[in-house]
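Report on one structure; see the data block that follows.
Residue numbers (my numbering): 7 to 289.
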């Protein structure tokens with residue numbers, strides 16, 4: 007594990023990344039299913055999704071985007087959440103869709119949540135990486151971020167990068183760059199696979215299960231009627247357009263992956279007996 011000094015530095019960085027954003031859920035999202043199980047509260051500053059034995063619930067952004075930086079503060083289901091999945095992701099429509107995923111797999115009380123990430127391009131995924139967390143995500147809100155620009159996709163938690171997926175089209179690796187995506191979040195029952203491969207079932211006596219959201223912020227190019235809201239000048243679109251990994255960010259990424267990664271498709275030789283995917287050679 008990292009030393010106490012490194013942990014303190016990371017916690018300070020995490021705290022500094024928790025600044026509130028101005029997004030109002032009434033303006034930014036629509037609750038799309040759940041028959042009242044999704045609620046916008048506190049004049050649009052808070053949103054909750056709930057799951058019971060009859061149904062889960064979900065939302066989507068009002069806007070579609072082609073590149074951007076997306077941040078949401080989430081507080082995950084406390085207690086025994088085994089069998090549940092809370093998602094936060096970007097997705098394009100159609101049968102050859104693009105998708106960038108955060109999925110939070112519930113746990114038995116006292117066990118860590120599993121953070122599942124994936125990247126789909128033209129309907130092809132199989133790029134899973136999974137992590138445990140260095141904090142309890144049910145005690146308070148934490149900021150989960152997806153940076154998607156032409157150079158790479160970066161998953162971060164409280165400003166700490168956990169995964170980078172680079173644009174390596176020069177090596178024949180597919181990269182999502184041409185399909186606009188909406189932001190989605192859902193809460194649903196997946197006890198056939200989510201917790202220990204489906205061995206642990208949802209305890210419905212604990213229902214309703216509720217995840218809470220606040221401070222959604224999309225610093226992004228809105229896509230509408232076949233055109234982008236961003237100008238042709240990258241410098242006028244915000245720093246996220248060219249944001250890359252500096253030395254400090256690379257160090258924090260290595261710390262997370264060395265200490266908290268529990269699955270990496272790029273090391274799963276049994277899954278890819280004919281050879282690992284091309285991007286894994288420089289992942």
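All residues carry an ideal CB built from backbone N, CA and C; glycine is no exception.
Cβ shell of residue 55 (< 6 angstroms), same chain only, five flanking positions each side left out: As a working note, residue 55 is residue 49 in the chain shown. Excluding sequence neighbours, residue 55 sits near 44, 63, 193 and 217.
Assuming the contact rule is C-beta atoms closer than 8 angstroms, residue 108 and residue 94 should be a hit. Round their C-beta distance to whole Å, please. Translated into the one-based positions of the chain shown, residue 108 becomes position 102. Translated into the one-based positions of the chain shown, residue 94 becomes position 88. Their Cβ separation, rounded to whole angstroms, is 4 angstroms, which keeps residue 108 and residue 94 in contact under 8 angstroms.
Would residue 222 pass as a contact of residue 34 if the rule is Cβ separation under 8 angstroms? On the chain shown, residue 222 is found 216 positions in, with the first residue counted as 1. On the chain shown, residue 34 is found 28 positions in, with the first residue counted as 1. Yes, Cβ-Cβ distance for residue 222 and residue 34 is below 8 angstroms.
Using the beta-carbon count (16 or more within 10 Å), is residue 169 buried or exposed? Locating residue 169 in the chain shown gives position 163, counting from the first residue. Classification of residue 169: buried, given that the 10 Å Cβ count is 16 or more.
Per DSSP, which residues does residue 211 bridge with? Please list them. Here residue 211 refers to the residue found at position 205 when the chain shown is read from its first residue. For residue 211, which the question treats as bridged, DSSP gives no partner whatsoever.
Within 10 angstroms of the Cβ of residue 258, are there 16 or more other Cβ atoms? Answer buried if so, exposed if not. Here residue 258 refers to the residue found at position 252 when the chain shown is read from its first residue. It counts as buried.
Hey, would you say residue 80 sits closer than 8 angstroms to residue 147, going by beta carbons? The count along the chain shown starts at 1 and reaches residue 80 at position 74. The count along the chain shown starts at 1 and reaches residue 147 at position 141. A contact, by the Cβ cut-off of 8 angstroms.
With the cut-off set at 8 angstroms, would you say residue 161 and residue 127 are in Cβ contact? On the chain shown, residue 161 is found 155 positions in, with the first residue counted as 1. On the chain shown, residue 127 is found 121 positions in, with the first residue counted as 1. Contact: no.
State the CB to CB distance for the pair residue 110 and residue 96, rounded to an integer number of angstroms; the pair is presumed to be in contact (CB under 8 angstroms). The residue given as residue 110 occupies position 104 in the chain shown. The residue given as residue 96 occupies position 90 in the chain shown. That pair is no contact at about 16 angstroms.
7 angstroms Cβ shell around residue 41 - same chain, five flanking residues per side excluded: The sequence position of residue 41 within the chain shown is 35, counting from 1. Hits under 7 angstroms: 61.
Between which two residues does the alpha helix (DSSP H) holding residue 160 run? For the purposes of this step, residue 160 is taken as the residue at position 154 of the chain shown. No alpha helix (DSSP H) contains residue 160, which is instead part of the beta strand (DSSP E) from 158-163.
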